[in-house]
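Below you'll find the structure, written out as structure tokens, and then a few comments.
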Amino acid sequence: MTYMQRGNYVAVINPLFWSEVMSDDPTLQWGVYDTVMKTFFSLSKEASAATFSPLIHLKDLTVQRNGYLYATIYSTKRPIAAIVATSYQRLITHFYNHLIFALPAGILGSLVLLLLWLRIRQNYLSPKRKLQRALEKHQLCLYYQPIIDIKTEKCIGAEALLRWPGEQGQIMNPAEFIPLAEKEGMIEQITDYVIDNVFRDLGAYLATHADRYVSINLSASDFHTSRLIARINQKTEQYAVRPQQIKFEVTEHAFLDVEKMTPINSGFPPGWLRSGN
């Protein structure tokens with residue numbers, strides 16, 4: 001026994017019970033080992049120093065013997081080690097009990113994640129998202145078809161043709177994706193994309209060749225607001241291009257709203273608009 005005194009108080013302590021572990025495991029056994037004195041200075045009531053001693057020196061920190069699972073840990077700051085043992089059967093029982101509750105929750109969680117992934121994938125592969133990515137990555141291409149004067153047989157301009165190279169190598173023309181852009185409210189993005197790229201490609205050339213022009217194919221809905229005027233004016237000023245060098249062609253002539261086009265028509269020089277077939 002060890003006697004400890006402070007003032008008028010004296011405590012008598014069994015040296016094998018310096019510590020206490022609270023647990024609902026009736027099979028739990030533990031011991032604290034002095035690595036210098038080579039002895040256990042604290043043991044649980046159910047523990048046996050004779051059982052723990054051979055295990056405390058093993059290289060394997062986790063051992064299964066006689067239906068028990070033993071785990072050992074060494075302190076990095078003190079010359080002590082602790083060993084804990086519990087019934088292996090109890091661990092298995094607890095594992096399966098938890099599995100009964102965890103498995104349905106895991107399956108449900110997996111289904112939710114799968115549905116979420118499918119929805120994200122579906123949205124990612126939707127035509128709208130594909131077109132949006134094509135715009136963001138500048139995958140839409142402009143091809144310039146020369147316009148020849150029949151009388152002089154000279155090139156007087158070019159028509160800008162928008163194409164979308166598909167992922168499988170096929171090239172889509174505007175008739176395949178412009179209706180999608182109009183439906184999804186992306187037509188203004190397409191228009192800005194075309195205008196920006198036309199001036200980037202031909203702006204400097206047109207500025208030094210006043211007798212040349214470029215024709216741009218746009219959707220009928222582009223001509224319903226004055227936004228187009230502001231965009232063209234900004235670009236012609238930036239590149240020093242004359243307004244008459246920019247012409248527009250709309251193929252959906254049957255859907256042109258003359259009243260809505262009045263502010264646009266007054267903002268451009270005569271001959272700015274052509275109707276295609």
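Anchor point for the sequence shown: position 97 equals 97 in full-length UniProt numbering, and the numbering is continuous, going up by one each time. Glycine included, each C-beta is placed from N, C-alpha and C at the ideal position.
Excluding sequence positions up to five before and after A210, its CB lies within less than 8 Å of the CB of R242 and Q245, all in the same chain and listed in chain order. Counting the other CB atoms within 10 Å of its CB gives Y143 a total below 16, which places it among the exposed residues.
Cα atoms of Y33 and Y96: separation of roughly 33 Å, rounded to the nearest angstrom. Spatial neighbours of R231 in its own chain (CB-CB distance under 7 Å, excluding positions within 5 residues in sequence) are listed in chain order as D192 and I195.
By the neighbour-count criterion, in which 16 or more other beta carbons inside 10 Å mark a residue as buried, Y213 falls on the buried side. Take the alpha-carbon of Q234 and the one of S126: they are about 34 Å apart. Taking every protein chain shown into account, the CB of L43 has 16 or more other CB atoms within 10 angstroms, so this residue is buried.
Contact between I80 and T51 fails: their C-beta atoms lie close to 18 Å from each other, not under 8 Å. In this model, K130 and Y124 are separated by some 7 Å (Cα to Cα).
Residue L228 holds the alpha-carbon nearest to the alpha-carbon of F248 among Y239, K45 and L228. Secondary structure at V241: coil, using DSSP grouped into helix, strand and coil. Collapsing the DSSP output to three states places A158 in a strand. Following the DSSP letters along the chain, one finds E249 in no alpha helix (DSSP H) but inside the beta strand (DSSP E) bounded by residues I246 to V250.
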